[in-house]
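Written out below as structure tokens is the structure these notes cover.
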Amino acid sequence: MPKPTTVDEYIAVAIPEVKEYLERLRSSIKQAAPQAEEVISYDMPAYKQNGMVVYFGGFTKHVSLFPGAEAIEVFKNELTDYKTSKGTIRFSLDKPLPIALIKKIVKFRVAENLAKQQKKQASKSPTNKS
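Listed below in structure tokens is the structure:
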């Protein structure tokens with residue numbers, strides 16, 4: 001089976017139970033980061049805006065959001081009901097997705113990327129020497 005080249009293709013080949021969660025996850029991410037570009041990276045759906053925002057993936061018994069280690073640390077108190085690792089959050093298929101929390105995490109990542117981008121641009125701009 002060929003690797004998916006679009007998020008639609010990725011979701012289309014998921015098992016039915018997972019597909020529903022992937023669609024909700026995708027919709028939440030797009031609502032929280034409407035200007036982010038949807039891509040496939042590392043064979044998974046991903047969103048880019050001033051750098052990578054988040055990835056997500058579907059598995060047999062869960063879906064995962066990959067927002068990076070900093071987001072996991074910032075939201076650790078709100079993630080106690082979910083299995084997490086350094087940069088990953090697992091959402092079991094037997095519970096509803098925490099849509100509001102997902103949106104908060106995505107918005108945090110968009111803001112984090114913007115801050116990094118602005119800092120990078122500021123360090124490249126010539127300083128005013130008079």
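In the working numbering, the protein residues as written are 1 to 130.
A virtual CB, placed ideally from N, CA and C, is assigned to each residue, including glycine.
Is it buried or exposed, residue i, if we count other Cβ atoms within 10 angstroms and call 16 or more buried?
i	result
tyrosine 42	exposed
asparagine 77	exposed
glycine 58	buried
alanine 132	Not covered by the structure: residue 132. The range shown for the chain is 1 to 130.
glutamate 17	exposed
isoleucine 15	exposed
serine 7	What sits at residue 7 in the sequence shown is valine, not serine. Under this definition valine 7 is a buried residue.
Could you round the C-beta distance between residue i and residue j to whole angstroms and report it? I think they count as a contact, below 8 angstroms.
i	j	result
alanine 36	lysine 48	6 angstroms
leucine 65	leucine 25	7 angstroms
tyrosine 10	proline 4	4 angstroms
valine 53	asparagine 113	6 angstroms
valine 157	isoleucine 29	Residue 157 lies beyond the range of the chain shown here (1 to 130); nothing can be said about it.
Locate the alpha helix (DSSP H) running through residue i, then write down its first and last residues.
i	result
valine 106	99-124
alanine 12	7-12
glutamate 20	16-32
So if DSSP puts residue i in a beta bridge, which residue, or which two residues, is it bridged to?
i	result
leucine 65	Phe56 and Ile89
lysine 83	Arg90
alanine 46	Val39 and Tyr55
What are the start and end residues of the beta strand (DSSP E) that includes residue i?
i	result
valine 39	37-41
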